[in-house]
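In numbering that gives the first Met the number 0, the protein residues as written are 0 to 227.
Glycine residues also receive a C-beta, built at the ideal position from the N, C-alpha and C atoms.
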Amino acid sequence: MQQTATNLFTEKIQKLNGPIFVFGASGFIGANLFDQLFNARLAAGKPDVYALTHDATKAWRLKLLDVPAENIVHCDILSDASVKAVFDRYQPKTVFNLAAYGAYSKQKSVGLTYETNILGTVNILENCTPDIPYIHAGSSSEYGFNCTTPKETDRVEPNSHYAVSKVSAAYLLEYYAKLHNLSTLNLRLYSIYGGWEEPDRLVPRLVEEARKGQLPPLVSPDISRDFL
Numbered sequence: 000m001q002q003t004a005t006n007l008f009t010e011k012i013q014k015l016n017g018p019i020f021v022f023g024a025s026g027f028i029g030a031n032l033f034d035q036l037f038n039a040r041l042a043a044g045k046p047d048v049y050a051l052t053h054d055a056t057k058a059w060r061l062k063l064l065d066v067p068a069e070n071i072v073h074c075d076i077l078s079d080a081s082v083k084a085v086f087d088r089y090q091p092k093t094v095f096n097l098a099a100y101g102a103y104s105k106q107k108s109v110g111l112t113y114e115t116n117i118l119g120t121v122n123i124l125e126n127c128t129p130d131i132p133y134i135h136a137g138s139s140s141e142y143g144f145n146c147t148t149p150k151e152t153d154r155v156e157p158n159s160h161y162a163v164s165k166v167s168a169a170y171l172l173e174y175y176a177k178l179h180n181l182s183t184l185n186l187r188l189y190s191i192y193g194g195w196e197e198p199d200r201l202v203p204r205l206v207e208e209a210r211k212g213q214l215p216p217l218v219s220p221d222i223s224r225d226f227l
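Here's what the structure looks like:
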């Protein structure tokens with residue numbers, strides 16, 4: 000019998016080396032990733048996926064997903080001591096990093112943008128070893144001004160503090176891979192939408208306003224977005 004894409008996806012998850020860390024698991028994409036990983040591993044009797052968040056009291060997605068308390072781990076990625084402590088305790092064998100700041104217009108702190116996206120990445124990478132695959136949530140914002148159907152190999156031209164910080168993180172991954180022999184992967188995600196998304200983002204707003212028979216306020220038509 001031919002396997003479905005879902006079954007193949009589940010099998011690949013079950014073959015990952017665990018324990019598995021998901022940094023930024025309380026966010027929209029992070030919560031969805033954690034949910035997929037955790038349930039696939041749980042079905043195989045391996046509930047070894049951990050949601051890392053700096054403030055579990057604000058992790059409403061994880062609460063609504065009924066994540067077991069023992070799988071929610073407090074970690075401040077801006078603290079090298081905090082990151083080292085969770086690595087020492089849980090000994091992860093696969094790491095996903097979706098922690099980020101500055102992608103939303105309401106996230107206005109320039110300092111926190113660089114601290115989270117660069118220093119936080121450094122603190123995690125410093126605790127990884129060559130046997131730990133590290134998968135990083137980059138951004139299409141890295142292309143910046145060069146945003147017209149770019150190729151992966153095209154020049155990045157960041158046009159915001161957030162974009163600069165994400166490009167810097169991408170170079171950090173390359174540095175640690177080449178000089179420290181780490182297994183790193185940077186995924187330049189475009190505009191992701193789906194379940195557990197912030198209610199004030201475009202697709203949820205479109206659905207909400209459509210129910211009222213109207214459109215939400217929209218930005219300039221000169222601005223383009225690719226949605227996944």
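Looking at the structure shown, is residue i part of a helix, part of a strand, or coil, going by DSSP?
| i | result |
| --- | --- |
| threonine 120 | helix |
| asparagine 31 | helix |
| glycine 137 | strand |
| histidine 73 | strand |
| threonine 56 | helix |
| leucine 188 | strand |
| tyrosine 89 | helix |
| leucine 181 | coil |
| valine 43 | The sequence shown places alanine at residue 43, not valine. Alanine 43 falls in the coil class under three-state DSSP. |
| leucine 51 | strand |
| asparagine 6 | helix |
| valine 166 | helix |
Between the Cα of residue i and the Cα atoms of the options, which residue gives the shortest distance?
| i | options | result |
| --- | --- | --- |
| leucine 97 | Lys165, Leu214, Glu173 | Lys165 |
| leucine 188 | Asn180, Gly29, Leu7, Pro216 | Gly29 |
| glutamate 10 | Phe37, Tyr161, Asn180 | Phe37 |
| phenylalanine 27 | Thr52, Gly44, Gly17 | Thr52 |
| asparagine 31 | Ala58, Lys14, Asn16, Leu7 | Ala58 |
| aspartate 54 | Arg40, Ser81, Ala42, Pro18 | Ser81 |
| proline 129 | Ala209, Leu172, Glu114, Ala99 | Leu172 |
| proline 18 | Tyr174, Leu64, Leu63, Lys45 | Lys45 |
| asparagine 126 | Asp79, Lys211, Ala162 | Asp79 |
| isoleucine 134 | Tyr103, Asn158, Glu114, Ala169 | Ala169 |
| tyrosine 49 | Ile76, Pro216, Val85, Leu77 | Val85 |
Could you check how far apart the C-beta atoms of residue i and residue j are, in whole angstroms? I think they sit under 8 Å.
| i | j | result |
| --- | --- | --- |
| leucine 186 | glycine 137 | 6 Å |
| threonine 306 | histidine 160 | No information on residue 306 is available, as it lies outside the stretch 0 to 227 that the chain covers here. |
| leucine 181 | leucine 124 | 7 Å |
| asparagine 116 | glycine 101 | 7 Å |
| alanine 43 | phenylalanine 33 | Not a contact, Cβ separation roughly 16 Å. |
Does the structure place the segment 102-110 close enough to the segment 67-80 that three or more beta carbon pairs sit under 8 Å?
no
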